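The first sequence begins at 219 in the working numbering and counts up one residue at a time.
See below for the structure under consideration.
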Amino acid sequence: MNSIFEKIQEQIDRVIKQAFKVCGEKGVLPDIEPGEIVVEVPKERDFGDFSTNIAMQVSKQARMAPRKTAEFLLQELNLEGTYIEKVDVAGPGFINFFLQKDWLYDSVRLIQEKQENYGQIDLGKGIKVNVEFVSANPTGPLHMGNARGGALGDCLANVLKKAGYDVTKEFYINDAGNQIERFGASLEARYLQIILGADKVSFPEDGYQGNDIVEHAQNFYNENGESLMEKTPEERQQILVEYALPKNIQKIRNALESYGIVYDVWFSEKTLHESGEVKKAVDFLTEKGFTVTKEGAIWLNGEKLGLEKDEVLIRNNGVPTYMAADIAYHYNKFVTRGFDWAIDLWGADHHGHVARMKAAMEPFGIKGDNLKVVLFQLVRLYRNGELARMSKRTGKAISLEDLLEEVGKDAARFFFNLKTSGSHLDFDLDLAVTQSNDNPVFYVQYAHARICSLIRKLKEENISPRPVNEVDLTLLQQKEEIELIRKLSEYPEEIALSAKSLEPSRLTRYVMEVAACFHSFYNACRVKGENEELMMARVILVDCTRIVIKNILELISIQAPERM
RNA sequence: GUGCCAGUAGCUCAGCAGGAUAGAGCAACGGACUUCUAAUCCGUAGGUCGGGUGUUCGAAUCAUCUCUGGCACGCCA
Numbered sequence: 219m220n221s222i223f224e225k226i227q228e229q230i231d232r233v234i235k236q237a238f239k240v241c242g243e244k245g246v247l248p249d250i251e252p253g254e255i256v257v258e259v260p261k262e263r264d265f266g267d268f269s270t271n272i273a274m275q276v277s278k279q280a281r282m283a284p285r286k287t288a289e290f291l292l293q294e295l296n297l298e299g300t301y302i303e304k305v306d307v308a309g310p311g312f313i314n315f316f317l318q319k320d321w322l323y324d325s326v327r328l329i330q331e332k333q334e335n336y337g338q339i340d341l342g343k344g345i346k347v348n349v350e351f352v353s354a355n356p357t358g359p360l361h362m363g364n365a366r367g368g369a370l371g372d373c374l375a376n377v378l379k380k381a382g383y384d385v386t387k388e389f390y391i392n393d394a395g396n397q398i399e400r401f402g403a404s405l406e407a408r409y410l411q412i413i414l415g416a417d418k419v420s421f422p423e424d425g426y427q428g429n430d431i432v433e434h435a436q437n438f439y440n441e442n443g444e445s446l447m448e449k450t451p452e453e454r455q456q457i458l459v460e461y462a463l464p465k466n467i468q469k470i471r472n473a474l475e476s477y478g479i480v481y482d483v484w485f486s487e488k489t490l491h492e493s494g495e496v497k498k499a500v501d502f503l504t505e506k507g508f509t510v511t512k513e514g515a516i517w518l519n520g521e522k523l524g525l526e527k528d529e530v531l532i533r534n535n536g537v538p539t540y541m542a543a544d545i546a547y548h549y550n551k552f553v554t555r556g557f558d559w560a561i562d563l564w565g566a567d568h569h570g571h572v573a574r575m576k577a578a579m580e581p582f583g584i585k586g587d588n589l590k591v592v593l594f595q596l597v598r599l600y601r602n603g604e605l606a607r608m609s610k611r612t613g614k615a616i617s618l619e620d621l622l623e624e625v626g627k628d629a630a631r632f633f634f635n636l637k638t639s640g641s642h643l644d645f646d647l648d649l650a651v652t653q654s655n656d657n658p659v660f661y662v663q664y665a666h667a668r669i670c671s672l673i674r675k676l677k678e679e680n681i682s683p684r685p686v687n688e689v690d691l692t693l694l695q696q697k698e699e700i701e702l703i704r705k706l707s708e709y710p711e712e713i714a715l716s717a718k719s720l721e722p723s724r725l726t727r728y729v730m731e732v733a734a735c736f737h738s739f740y741n742a743c744r745v746k747g748e749n750e751e752l753m754m755a756r757v758i759l760v761d762c763t764r765i766v767i768k769n770i771l772e773l774i775s776i777q778a779p780e781r782m
């Protein structure tokens, strides 16, 4: 058993369905197949611990007012073997359940029993999931979009693992195609400029302007001199790319590592071309009649796949497009490597690509829905209340490394995981470094540090926690204690909801609520100095809070400090 | 022009498989440190859920129209 909440859901489900059956047999209600009984936590405490709207849901089938249906059900509820103490009908027909407090104390016991595995659930049932995120062009440094995608993707992958999915974190290296050509041409131009003079060599119009290109060329020149002058332009570019690209990839890898992201797989696009997988994928589509040839190019047949327009797969110069490679890549994920789901995190500017890719999977017998795309909106940085476009240090666009230097990993990851992916994100650089109550990162970390400090203090006085089964948890009766336990008991459900919606940000908000409940408790209830029985019960509760907060901070991949 | 995303308190945002009196943080105002960390807590105030129409027992949530902002519509990725 992983969750008391789940257990209660099952109890309510069973009891209600049984009541429907009995009512049907007695003829007071028509025979009704109620389907899933949705159990929720009412906003108002007066409405009980849990409630269901099932009487309203079946009002059509029942052919009577929801309140009346609910009344009939109530008469036939068999509450034996459940936590349920009292039930009543309220409002338009809600059935409200009031539980014995045991369920809360059982939650505490469950947390103590599971320790750091509390919150681990089996929603995913081992489904194989590939989560691909960042996948930045290796032609330059990581930008704010990559930073947001990185925080979201990494946290989502962690949450899915916690929810029982078999997760692989993957980075797709775009080391082939057009942008690599441009990368090579840019490097070559910079290299030639060093030797022949900047005014003698024109820089490609669509080249990469960044200073990093100049640095690569300079470094290569320092190490190898003018050796490339005798080569053809193609050879020069190839050698320069082979020189600079691994360095860039390594830099990306390092930046992401200092951002707390470690991938299971770094997948090279180039290998798809070299192994012939791209060609094979396009040929397959052609055989099945999903392509058309026109103007010397091979196009994906949009009409046949229900798309707005055709998309080029093979250019008239014979070079495959990014789309073709992406199809082969996802075929590789689903078929070659056997993932059940592929989850891609893309910047919202790629939204046009979503329908195309999903549709392009179908001819391969892959359900488009198994490709799940999480789009995230762009990031705006603010400093001194104004839009900050440039790094203070470099004067260039702010890179992930600049951000980490300015606000640190913890603040960056926390803030990027605070808002739902679909909403625009305004990142307040000043707030992220404020060491005050304005800063939610510190708010949560402070709760953890307070707990650790408290436990440490007790230890100094040779007071150590007792095993939970030697503690009288029923002494926990005060409002703040109950609210805290209630909040902690929701954790497994929060994991489930985050995983289902592919929206890890709700966990960040949840951990803030946990911290808030703890701070309220801390101000209302003393631990040290209370009579021993009560103290021991509260120590257990405090320790449960520590477990949950630490657990979530690990999912977001930020520190849980023991002192601040 | 077409499509996608967003519009909720002064600000930043939750809520959106329709449900009970629309929430939180910040900012504002008033309180709480001889006691386990005041980086905290308690309280007050703050709203035509962008606007209109529709669907129904019931709409911030669904449909439709409209306004505003962002983005995408390339033999770029």
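Ideal Cβ placement from N, Cα and C applies to all residues, glycine included.
Source: prediction; values computed, not measured.
Cβ shell of residue i (< 7 Å), same chain only, five flanking positions each side left out
i	result
E513	N534
C735	E701, L702, K705
R781	A667, C670, S671
G428	G358
Y540	G395
Selected residue, minimal CA-CA separation from residue i, among the options
i	options	result
I516	D646, S671, L503	L503
L247	E262, D264, M282	M282
I222	K590, R756, E711	E711
I230	V276, K304, A280	K304
E251	E388, Y728, K278	K278
G342	E529, Y664, R574, D558	D558
V257	R263, D267, D249	D267
P284	D587, R744, M274, D264	M274
E350	G626, V592, I774, S639	V592
I398	V419, E452, Y383, G368	E452
N833	T450, E423, I413, Y426	Not covered by the structure: residue 833. The range shown for the chain is 219 to 782.
L506	L523, E495, E492, L490	Inspection of the sequence shows that residue 506 is occupied by Lys rather than by Leu. For K506, the nearest C-alpha among the options comes from L523.
L360	Q338, R631, V766, L618	L618
F582	E529, I776, R574, A499	A499
Y383	G344, E604, Q411	G344
Cβ-based burial, residue i [other Cβ within 10 Å; buried from 16]
i	result
T692	exposed
G536	exposed
P722	buried
N769	buried
S353	buried
G363	buried
K551	buried
Assumed close pair residue i, residue j - CB separation to whole angstroms, cut-off 8 Å
i	j	result
L518	A560	Between A560 and L518 the Cβ distance is about 19 Å, and since that is not below 8 Å, they are no contact.
N657	L647	With a Cβ gap of about 12 Å, N657 and L647 do not count as contacting.
D393	L474	That pair is no contact at about 16 Å.
G699	L752	Note on residue identity: the sequence assigns Glu, not Gly, to residue 699. E699 to L752, Cβ: 10 Å. No contact.
Y477	L297	Contact doesn't hold; Cβ gap of about 51 Å is too wide.
I234	I272	6 Å
A369	F634	4 Å
I767	A665	6 Å
Backbone secondary structure at residue i - three-state DSSP
i	result
T509	strand
F736	helix
A394	coil
P685	coil
P538	strand
K590	strand
I532	strand
N257	Residue 257 is actually Val in this sequence, not Asn. Strand, per DSSP.
T386	strand
D306	strand
K346	strand
E604	strand
A778	coil
V483	strand
F660	helix
E516	A quick correction: the sequence has Ile, not Glu, at residue 516. Here I516 sits in strand by DSSP.
R744	coil
R727	helix
G784	Residue coverage of the chain in this structure runs from 219 to 782, which leaves residue 784 outside it and unanswerable.
V625	helix
Spatial neighbours of residue i in its chain, beta-carbon cut-off 6 Å, leaving aside the 5 residues before and after
i	result
P683	V757
Y323	L691
Same chain only: Cβ atoms within 8 Å of residue i, ignoring 5 sequence neighbours per side
i	result
P422	R400, A403, S404, A407
K697	A742
D249	G242
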